[in-house]
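The structure appears below as structure tokens.
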Amino acid sequence: MTIEISNLSNSLTVITDPMASLESAALGVWVSTGSRNERPSEMGLSHMLEHMAFKGTTTRNARQIAEEIEAVGGYLNAYTSREQTAFHARILKDDVGLALDLIADILVNPTFLAEELERERQVVLQELGQARDTPDDIIFDHLQEAAYPNQPLGWAVLGEEATVRAFTPAALRDYSGRRYRAEAMTLVSSGAVDHRKIVTMAEEKFARLAVGPSEPTAPGRYIGGDFRLEEDLEQAHIVYAFPGVASKDPDFYLAQIHATILGGGMSSRLFQEAREKRGLCYSIYAFANNFQDTGFTGIYAGTGEREAGELSAVVAGEMEAMTAGIGDGELARAKAQLKSGLLMGLERPGTRAEQIAGQIFTLGHLQSVSEIVAQIDAVDADALRGYAARIMTAPTIAAMGPVKKLERHDIFAARFASGRQAAE
Numbered sequence: 054m055t056i057e058i059s060n061l062s063n064s065l066t067v068i069t070d071p072m073a074s075l076e077s078a079a080l081g082v083w084v085s086t087g088s089r090n091e092r093p094s095e096m097g098l099s100h101m102l103e104h105m106a107f108k109g110t111t112t113r114n115a116r117q118i119a120e121e122i123e124a125v126g127g128y129l130n131a132y133t134s135r136e137q138t139a140f141h142a143r144i145l146k147d148d149v150g151l152a153l154d155l156i157a158d159i160l161v162n163p164t165f166l167a168e169e170l171e172r173e174r175q176v177v178l179q180e181l182g183q184a185r186d187t188p189d190d191i192i193f194d195h196l197q198e199a200a201y202p203n204q205p206l207g208w209a210v211l212g213e214e215a216t217v218r219a220f221t222p223a224a225l226r227d228y229s230g231r232r233y234r235a236e237a238m239t240l241v242s243s244g245a246v247d248h249r250k251i252v253t254m255a256e257e258k259f260a261r262l263a264v265g266p267s268e269p270t271a272p273g274r275y276i277g278g279d280f281r282l283e284e285d286l287e288q289a290h291i292v293y294a295f296p297g298v299a300s301k302d303p304d305f306y307l308a309q310i311h312a313t314i315l316g317g318g319m320s321s322r323l324f325q326e327a328r329e330k331r332g333l334c335y336s337i338y339a340f341a342n343n344f345q346d347t348g349f350t351g352i353y354a355g356t357g358e359r360e361a362g363e364l365s366a367v368v369a370g371e372m373e374a375m376t377a378g379i380g381d382g383e384l385a386r387a388k389a390q391l392k393s394g395l396l397m398g399l400e401r402p403g404t405r406a407e408q409i410a411g412q413i414f415t416l417g418h419l420q421s422v423s424e425i426v427a428q429i430d431a432v433d434a435d436a437l438r439g440y441a442a443r444i445m446t447a448p449t450i451a452a453m454g455p456v457k458k459l460e461r462h463d464i465f466a467a468r469f470a471s472g473r474q475a476a477e
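Using the working numbering, you'd call the opening residue of the sequence shown number 54 and step up by one each time.
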């Protein structure tokens, strides 16, 4: 069986990915909107709308939505990111129609009742409070704001307490009307699904979606900066970032392999040097975050107050070392990690649907597994060394906890002069 793609009369994209012998399916709608599409007074509105979609429609109340999906043993949920909002379900094959009906209902017929908004506002405020109490989570919001200051891409997905308190049903309807349009949505189903049946149902159930293009997305520009919050915590939570590449950049997999070699597992350079050899931290890893038009490579570490003073030199040293040489063994391990993650994910319908939606959003078309594997295999040591040198500029630091001994931002930035010269 093969992936099939159809465009409905209202321009909603429908993609099915049948998996033989499965008794279940994953189904969802991915909307090309997130926190970076908000206006200043709307910080957190994408996330609030995601919550409110489940709080009642013109045909179901919140309890009925929950009971109907759970009555068939299914699972219905949603999430909001900086660039997308997704509403997804996991169900048995006989209940695909029900899941599609529920998702269509909450997207096409939400009521956004004032009394439900008041209740959900308190839930989101509690979520904000919980995030603040989780330093190894909230530190990434501080990093995002420091790396992308004074622009929507730097705003937290949850928003701010002041904006959340000010949201109204009218604001939700206005945002939904501007952003939740058929052209900005992709319906993806994977597993025990039939393309013709999905298209027929979707044509009917999503017929009343707003049509036409959505507002353009505000551009994002990595700038870099410094955030520090001295708090009485057991550990210092520190994240470094450096300018990377956009999600559709030809160097996307180059950036992923670089992050994997630098800090993607127990055999990675940072794990071996910072944890195994020096005992500076329990947790340390690197990652590559990519957005439509920008991106960054990041490094997180949780460490003690004394050890925080040594960490920046280790990070800078390992990044500098990657400009000098990449071993054949570590390059092969990094490629194997990426390929195994890709191939293992293909065994799960939910992951397959997520990957398909991501490719449509990022590239506008689908890539085969063999095409992706070929791009990974094409990365060589010379390209990695060049990339490692190129990103050694404009560092960002976000830190909270006992961070008084953490190296100053200007001193840390000065460590990368040789990397900048190598890139030039």
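Heads up, the beta-carbon is just placed ideally off N, CA and C, and yes, glycines get one too.
Cβ-based neighbour list, residue i, same chain, cut-off 6 Å, excluding 5 preceding and 5 following
i    : result
T216 : M96, G97
E287 : none
H248 : E57, T69
I291 : A354, A452
E171 : none
Q197 : G207
D463 : none
Residue from the options with nearest C-alpha to residue i
i    : options                : result
T404 : Y233, M72, V149        : M72
S99  : K301, Y201, Q137       : Q137
A235 : L181, G265, G109       : G265
A219 : F469, E173, R274, R281 : E173
K388 : D435, Q309, L419, E360 : Q309
L395 : Q408, L384, R386       : Q408
G87  : F140, N63, A452        : F140
S433 : R328, V368, E383, T253 : For the sequence presented, residue 433 should be read as Asp rather than Ser. Nearest C-alpha to D433: E383.
T110 : L75, E120, V67, L155   : L155
Q438 : T239, I379, G411, E424 : Contrary to the premise, residue 438 reads as Arg rather than Gln in this sequence. Taking only the C-alpha atoms, the option nearest R438 is I379.
T164 : T239, H311, T221       : T221
A162 : S229, T187, T350, Q420 : For the record, residue 162 in the displayed sequence is Asn; it is not Ala. Of the listed residues, the one whose Cα sits closest to N162 is S229.
E257 : E284, I122, G351, D158 : D158
N203 : I276, E424, V67        : I276
A263 : E424, I118, Q428, L160 : L160
T415 : S85, T55, E214         : S85
F349 : Q390, R331, L307, G357 : L307
N342 : V149, G357, D304, A377 : D304
W208 : L419, I191, A224       : I191
L399 : S59, N63, V67, L75     : L75
S59  : M254, S393, K330, A224 : M254
K330 : G317, Q390, V367, E358 : V367
P188 : V426, S393, D285, H418 : D285
S423 : A436, S393, D435, I413 : S393
L166 : F107, G182, E123       : F107
Coarse secondary structure for residue i, derived from DSSP in three states
i    : result
F140 : strand
A447 : coil
Y440 : helix
Y44  : One cannot answer for residue 44 here, as it falls past the ends of the chain, which runs 54 to 477.
T55  : coil
L307 : helix
T253 : helix
E268 : coil
A106 : coil
V432 : coil
P205 : helix
E76  : coil
Y353 : strand
R328 : helix
G97  : coil
T66  : strand
L262 : coil
T216 : helix
R473 : Because R473 carries a pLDDT of 49, less than 50, the predicted location of this residue cannot be relied on, and no value is offered for it.
Sequence-distant residues of its chain with Cβ nearer than 8 Å to residue i (five each side left out)
i    : result
V176 : H104
E180 : L211
S77  : R143, I144, L145, K146, G244, A245, P402
E121 : R113, L151, L155
Assumed close pair residue i, residue j - CB separation to whole angstroms, cut-off 8 Å
i    : j    : result
G333 : L364 : Note that residue 333 is Leu in the sequence shown here, rather than Gly. Contact flag correct, Cβ pair sits at about 6 Å.
I251 : S243 : Actually they do not touch by this definition, with Cβ atoms about 11 Å apart.
L65  : M319 : Contact flag wrong, Cβ pair sits at about 44 Å.
L61  : F259 : 7 Å
F465 : A374 : The Cβ separation is near 16 Å, so there is no contact.
A339 : G278 : With a Cβ gap of about 20 Å, A339 and G278 do not count as contacting.
G351 : A294 : 5 Å
R231 : E268 : 6 Å
Neighbourhood of residue i by C-beta distance below 7 Å, restricted to the same chain and skipping five residues each side
i    : result
A371 : Residue 371 is actually Glu in this sequence, not Ala. Excluding residues within five positions, the ones whose Cβ falls inside 7 Å are L315, R322, L323, E326.
R89  : R135, E136, P205, L206, T270, A271, G273
D346 : P272, G273, A299
A431 : none
A475 : For A475, the predicted structure reports a pLDDT of 45, less than 50, and the residue's modelled location is therefore unreliable. A value from the coordinates is still provided. T376, A442, listed in sequence order.
Query raised in the report: Do the segment 123–137 and the segment 80–90 touch if we need at least three Cβ pairs shorter than 8 Å?
Result: In short, these stretches touch, since the Cβ pair count reaches three.
Requested in this report: Taking 8 Å as the threshold, find out whether the segment 456–464 comes into contact with the segment 295–314 through three or more Cβ pairs.
Outcome: In short, these stretches do not touch, since the Cβ pair count stays below three.
**Report entry** Touching by the beta-carbon criterion (3+ pairs, under 8 Å), the segment 433–450 and the segment 462–470
**Finding:** Under the three-pair Cβ rule at 8 Å, the segment 433–450 counts as touching the segment 462–470.
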